[in-house]
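Below is one structure, written out as structure tokens, with a few remarks after it.
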Ligand SMILES: NC(=O)c1ccc[n+]([C@@H]2O[C@H](COP(=O)([O-])OP(=O)(O)OC[C@H]3O[C@@H](n4cnc5c(N)ncnc54)[C@H](OP(=O)(O)O)[C@@H]3O)[C@@H](O)[C@H]2O)c1
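Residue numbers (UniProt numbering): 1 to 282.
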């Protein structure tokens with residue numbers, strides 16, 4: 001074997017070991033630092049948001065959860081308590097109302113005496129079918145899935161700036177790929193990705209203390225999942241969301257293939273578009 005090849009074979013595994021070691025330690029330290037952190041999780045009455053709340057509870061965080069259904073939030077809150085949350089409160093609120101979005105952040109900040117993480121996760125229900133031209137539904141969904149995220153961010157930024165906190169945004173692969181049957185939902189997720197991806201730049205330019213993590217998820221096994229073929233577990237998706245915030249990662253992808261989908265989406269546009277045209281039968 002030639003000398004440079006030998007050196008490469010020794011140095012590469014060594015390098016990989018050191019990098020993995022540093023990554024694992026950084027991660028463990030970050031997890032440890034989540035004990036007692038003040039977190040607001042939206043859309044936490046079910047699905048991924050519920051699982052995010054449980055992860056934070058296991059890590060001993062102080063949590064405020066929100067969604068519309070008080071009885072469902074109450075159940076989640078009780079489980080968070082059992083799992084070890086330092087503090088758990090719930091605020092029933094409808095994000096279709098701009099005033100409610102502001103109130104939730106204000107109340108959470110007051111109850112927790114500040115804020116370290118805000119996890120924006122809620123989505124309003126939207127039918128999985130061809131767009132029927134319903135502009136009112138589009139407008140309503142924009143308020144719930146996008147404008148309320150912007151509002152809550154604006155309201156929470158001063159507190160997050162103080163605490164060197166994080167905004168964690170739960171988004172979707174179909175907020176990056178155009179696709180049929182869920183136009184209003186897709187439009188809101190494109191807006192979310194565009195806004196928060198750009199906010200990352202502006203905060204960096206201002207040397208802000210606040211990090212923004214955008215979590216791009218594929219099909220996850222929650223009640224509202226639009227694809228029932230091979231969904232990935234909500235608990236694992238939620239863990240990726242918690243990890244992204246703790247490590248202040250700008251963008252994370254789950255499951256792994258979503259990253260490659262965004263990379264190659266424009267390589268073969270003809271075949272990409274052919275699939276949706278041929279899949280529609282009226
Ligand atoms: N599941 C998937 O396959 C998948 C894939 C990619 C990305 N994601 C993303 O993951 C996140 C969570 O999705 P999920 O599947 O867990 O959704 P989900 O199971 O439908 O949960 C949605 C949550 O939002 C709340 N909500 C609905 N309308 C609301 C309103 N008007 N005001 C306040 N809260 C409202 C719901 O609670 P109430 O009904 O009690 O209000 C619920 O807690 C979303 O951002 C979604 O885009 C999901």
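Every residue, glycine too, gets a C-beta built ideally from N, C-alpha and C.
CA-to-CA distance, residue j to residue i, given in whole angstroms
i	j	result
residue 170	residue 6	45 Å
residue 75	residue 186	30 Å
residue 267	residue 71	48 Å
residue 265	residue 272	7 Å
residue 149	residue 172	15 Å
residue 284	residue 245	With the chain covering only 1 through 282, there is no way to say anything about residue 284.
residue 23	residue 243	12 Å
residue 15	residue 4	16 Å
residue 20	residue 131	47 Å
residue 107	residue 81	20 Å
residue 32	residue 208	24 Å
residue 236	residue 30	18 Å
residue 249	residue 127	32 Å
residue 174	residue 10	42 Å
residue 205	residue 258	28 Å
residue 164	residue 18	28 Å
residue 269	residue 178	11 Å
residue 135	residue 251	31 Å
Residue i vs residue j beta-carbon contact at 8 Å
i	j	result
residue 182	residue 48	no
residue 123	residue 156	no
residue 99	residue 143	no
residue 105	residue 167	no
residue 247	residue 27	yes
residue 52	residue 238	yes
residue 114	residue 162	yes
residue 188	residue 217	no
Whole-number beta carbon distance between residue j and residue i, since they are thought to touch under 8 Å
i	j	result
residue 79	residue 54	7 Å
residue 214	residue 194	Not confirmed; about 10 Å, so no contact.
residue 176	residue 46	That pair is no contact at about 25 Å.
residue 43	residue 102	With 8 Å as the limit, residue 43 and residue 102 do not qualify as a contact, their Cβ atoms being about 17 Å apart.
residue 116	residue 241	15 Å between Cβ atoms; not a contact.
residue 146	residue 191	4 Å
residue 109	residue 159	5 Å
residue 138	residue 184	5 Å
residue 94	residue 68	5 Å
Neighbourhood of residue i by C-beta distance below 6 Å, restricted to the same chain and skipping five residues each side
i	result
residue 13	none
residue 90	65, 73 and 77
residue 180	276
residue 199	212
residue 41	49, 52, 53, 65 and 119
residue 232	220 and 255
Nonlocal neighbours in the same chain, by C-beta distance under 8 Å from residue i, ignoring five residues either side
i	result
residue 35	59, 60, 61 and 86
residue 224	47, 123 and 125
residue 230	219
residue 154	none
Any non-hydrogen atom of ligand 2 closer than 7 Å to residue i Cβ
i	result
residue 38	For the structure depicted, ligand 2 is absent and the ligand set comprises only ligand 1.
Close-in-space but distant-in-sequence residues of the same chain around residue i (CB under 7 Å, 5 per side omitted)
i	result
residue 151	98, 101 and 102
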